[in-house]
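Going line by line, the protein sequences match chains R and X.
Letter 78 of the first sequence, counting from 1, is numbered 78 in the numbering used here, and no numbers are missing.
Letter 26 of the second sequence, counting from 1, is numbered 1026 in the numbering used here, and no numbers are missing.
Following: one structure in structure tokens, then a few remarks.
Protein chains: 2
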Amino acid sequence: MNNPNKKKFSDKVINRLTLYHCILTDYMLRNIEFISSPQIAALLKIDDSQVRKDISLLNNVGKCRVGYIARDLKENIEKTLGFEKPKDAFIIGAGNLGSALAKYDNFANYGLNVLALFDNSSLKVDTKINDKQVFHISKLPDLAEKLSVEIAIMTVPREFAQITADFLVKSNIKYIWNFTPTVLFVPNNIQVWNENLMGNFLQFTYQK
Amino acid sequence: MNNPNKKKFSDKVINRLTLYHCILTDYMLRNIEFISSPQIAALLKIDDSQVRKDISLLNNVGKCRVGYIARDLKENIEKTLGFEKPKDAFIIGAGNLGSALAKYDNFANYGLNVLALFDNSSLKVDTKINDKQVFHISKLPDLAEKLSVEIAIMTVPREFAQITADFLVKSNIKYIWNFTPTVLFVPNNIQVWNENLMGNFLQFTYQK
DNA sequence: AATTAATTGTGATATTTTTCCCTATTATAC
DNA sequence: GTATAATAGGGAAAAATATCACAATTAATT
């Protein structure tokens, strides 16, 4: 009955939980002890019962008339979503976006460690970006194996997207976070997340 | 019956349509004339009837046994989602991410024109990034009014996120694309899209 | 010309997600 | 102490979304 391969939470729930986490981080900085579902709901402009349902999935209990203990809830989300089991990743493509993501130290707070970058330009190879070395792309298979890295953040120009994806798959990368405006063709055992920036933009500007 | 303020398409549909558009762009580059719903579905690992349902919303008709005319379908998506009516935007925060987005020329293909950047650092003010001028943030209200800009892409450090949002709202900005890991408190008439990068990352790495 | 197989379009069904609504609880005000 | 109002928790209903199933069409094959 309890299929261990089944995801525990839907994508929507995970997405909302990380937004609750952002709010809770802010509450911590402001030293506020309690948070209520209507407060969270108002900030995100969603229904308060939705917030309670999500939180109840974490087996987190609140106090009537008071709300939830902000610190506990924050830690509970971190534990549930695995922030404290860091995952290592490579950035493929040390251009503008790749560099920006390499400098985005917030990733580490959410359990994502960028170990290195890869590029094919000799201008970039052997430089450092935010203390992370840029290697030639040919070094990737070796380093991925040695460091057991399964996650690649792909920020190459669109014309190299598919060929790069093929190379990553051959190098035993299992997760590709695709920042190129391309849909990749990969085997079924590879997880791809299309960071569909324009789709997101249209979602919030279209007819509102 | 036909409420003109009602959105025609759900967020999910818009998101998928932009992914279909990515695929179609690739088909154009490869000079492939026809595309079928099972082909699209296989790339995105979704159901083919889902693809047909989405496409039928565009009043696009396909040919049995052949599929859809790739160029027509692409143009239909562009027309429907308004790629050809460009929208002007400002980038707020000329740091790494802001600069990367200013250099991301793909936005223009999707109807988003970045006119200028704003920052409060004198080191950045009056420089140019990809031919776009960086202005001091104090110039924003004037320029937003003169140029009728309603969209702001926010890439400031998290500690300045809320104060910046307040300032944008006062400056009559109506749409905030929020790249900071913060949930903003804004009036109900302001649209915010939280580009929740870590949420997206967790969605595709969590228990898969 | 007949057959086969691939594809669209769509109604029906199933599933997922969200919202509604009510009860129990409890801090605060009176 | 009692009343009030805000909140959590959770079952039920509603809404949204995705999948299934199949008839109709048609290009390709025989």
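Positions of the beta carbon are idealized from the N, C-alpha and C atoms, including for glycine.
Small disclaimer: the values here were computed from a predicted structure and weren't measured.
Among the options, which one has its Cα closest to the Cα of residue i?
i: Asp88 of chain R; options: R:Ser36, R:Lys174, R:Leu73, R:Leu44; result: R:Lys174
i: Asn172 of chain R; options: R:Pro157, R:Ser36, R:Ile23, R:Ile151; result: R:Ile151
i: Asn1015 of chain X; options: X:Leu1081, X:Asp1047, X:Leu1043; result: X:Leu1081
i: Pro1038 of chain X; options: X:Met1198, X:Ser1049, X:Asn1031; result: X:Ser1049
i: Ser99 of chain R; options: R:Ser36, R:Asp131, R:Pro141; result: R:Asp131
i: Leu112 of chain R; options: R:Phe118, R:Asn76, R:Glu84; result: R:Glu84
i: Val1134 of chain X; options: X:Ala1094, X:Pro1086, X:Val1192, X:Ile1055; result: X:Ala1094
i: Asn1031 of chain X; options: X:Ile1069, X:Tyr1020, X:Asn1194; result: X:Ile1069
i: Leu1029 of chain X; options: X:Lys1074, X:Lys1012, X:Ser1010; result: X:Lys1074
i: Phe1167 of chain X; options: X:Leu1140, X:Thr1182, X:Leu1101; result: X:Leu1140
i: Leu1019 of chain X; options: R:Met198, R:Phe204, R:Lys12, R:Gln207; result: R:Met198
i: Leu44 of chain R; options: R:Leu17, R:Lys79, R:Leu202; result: R:Leu17
i: Ala1116 of chain X; options: X:Arg1071, X:Asn1109, X:His1021, X:Leu1147; result: X:Leu1147
i: Thr180 of chain R; options: R:Ser122, R:Ile92, R:Leu123; result: R:Ile92
i: Phe1201 of chain X; options: R:Asn194, R:Asp72, R:Gln207; result: R:Asn194
i: Thr1205 of chain X; options: R:Gly62, R:Val192, R:Ala165; result: R:Val192
i: Phe1034 of chain X; options: X:Asn1178, X:Val1013, X:Val1061; result: X:Val1061
i: Val149 of chain R; options: R:Ile176, R:Val156, R:Phe160, R:Lys53; result: R:Ile176
i: Phe1090 of chain X; options: X:Ile1129, X:Ser1010, X:Val1013, X:Leu1024; result: X:Ile1129
i: Ser121 of chain R; options: R:Asn109, R:Ile137, R:Phe107; result: R:Ile137
i: Asn1188 of chain X; options: R:Thr182, R:Asp105, R:Arg52, R:Ala42; result: R:Ala42
i: Phe1118 of chain X; options: X:His1021, X:Gly1067, X:Asp1142; result: X:Asp1142
i: Lys103 of chain R; options: X:Lys1079, X:Ile1077, X:Phe1009, X:Thr1155; result: X:Thr1155
i: Val66 of chain R; options: R:Ile77, R:Asp105, R:Ser36, R:Ile46; result: R:Ser36
Let's see if you can read the secondary structure: which residues bound the beta strand (DSSP E) around residue i?
i: Phe118 of chain R; result: 112-119
i: Ile1091 of chain X; result: 1087-1092
Is the Cβ of residue i closer than 8 Å to any Cβ of chain R?
i: Ala1100 of chain X; result: yes
i: Asn1003 of chain X; result: In this prediction, Asn1003 of chain X has a pLDDT of 40, which is less than 50 and means its spatial position is unreliable; what the coordinates show is noted afterwards. For Asn1003 of chain X, the answer is no, since every Cβ of chain R falls outside 8 Å of its Cβ.
i: Phe1160 of chain X; result: no
i: Leu1081 of chain X; result: yes
i: Asn1189 of chain X; result: no
i: Leu1097 of chain X; result: yes
i: Gln1207 of chain X; result: yes
i: Lys1103 of chain X; result: yes
Between residue i and chain X, is the shortest Cβ-Cβ distance under 8 Å, so that the two count as touching?
i: Tyr68 of chain R; result: no
i: Glu195 of chain R; result: yes
i: Asp26 of chain R; result: yes
i: Phe209 of chain R; result: Outside the modelled stretch of chain R, which goes from 1 to 208, sits residue 209 of chain R, for which no answer is possible.
i: Pro181 of chain R; result: yes
i: Phe201 of chain R; result: yes
i: Met198 of chain R; result: yes
i: Phe204 of chain R; result: yes
i: Lys113 of chain R; result: The identity of residue 113 of chain R in the sequence shown is Asn, whereas the question assumes Lys. No, no contact with chain X.
i: Lys85 of chain R; result: no
i: Asn212 of chain R; result: Residue 212 of chain R cannot be examined here, being either before or after the span of chain R that is shown, 1 to 208.
i: Lys74 of chain R; result: no
i: Phe167 of chain R; result: no
i: Lys170 of chain R; result: no
Just curious, the alpha helix (DSSP H) that residue i is in, first and last residue?
i: Arg1052 of chain X; result: 1048-1057
i: Val1013 of chain X; result: 1011-1029
i: Phe107 of chain R; result: 106-109
i: Glu33 of chain R; result: That residue, Glu33 of chain R, is in no alpha helix (DSSP H); it is neither H nor E in DSSP.
i: Gly98 of chain R; result: 96-102
i: Asn76 of chain R; result: 70-81
Below 7 Å, is the gap between the Cβ of residue i and the nearest heavy atom of the ligand ADP?
i: Leu184 of chain R; result: This structure lacks the ligand ADP, and indeed carries no ligand of any kind.
Taking the runs of the alpha helix (DSSP H) that are 4 residues or longer, which of them lie wholly in the stretch 1127-1197 of chain X?
1140-1147, 1161-1170
Residues, ordered as in the chain, of the stretch 1120-1151 of chain X that lie near chain R by beta-carbon distance below 8 Å:
Ile1151
Near-chain R residues of the stretch 1012-1045 of chain X - C-beta to any C-beta below 7 Å
Ile1014, Asn1015, Thr1018, Leu1019, Cys1022, Ile1023, Asp1026, Leu1043, Leu1044
When Cβ atoms are compared, which residues of the stretch 1051-1065 of chain X fall closer than 9 Å to chain R?
none
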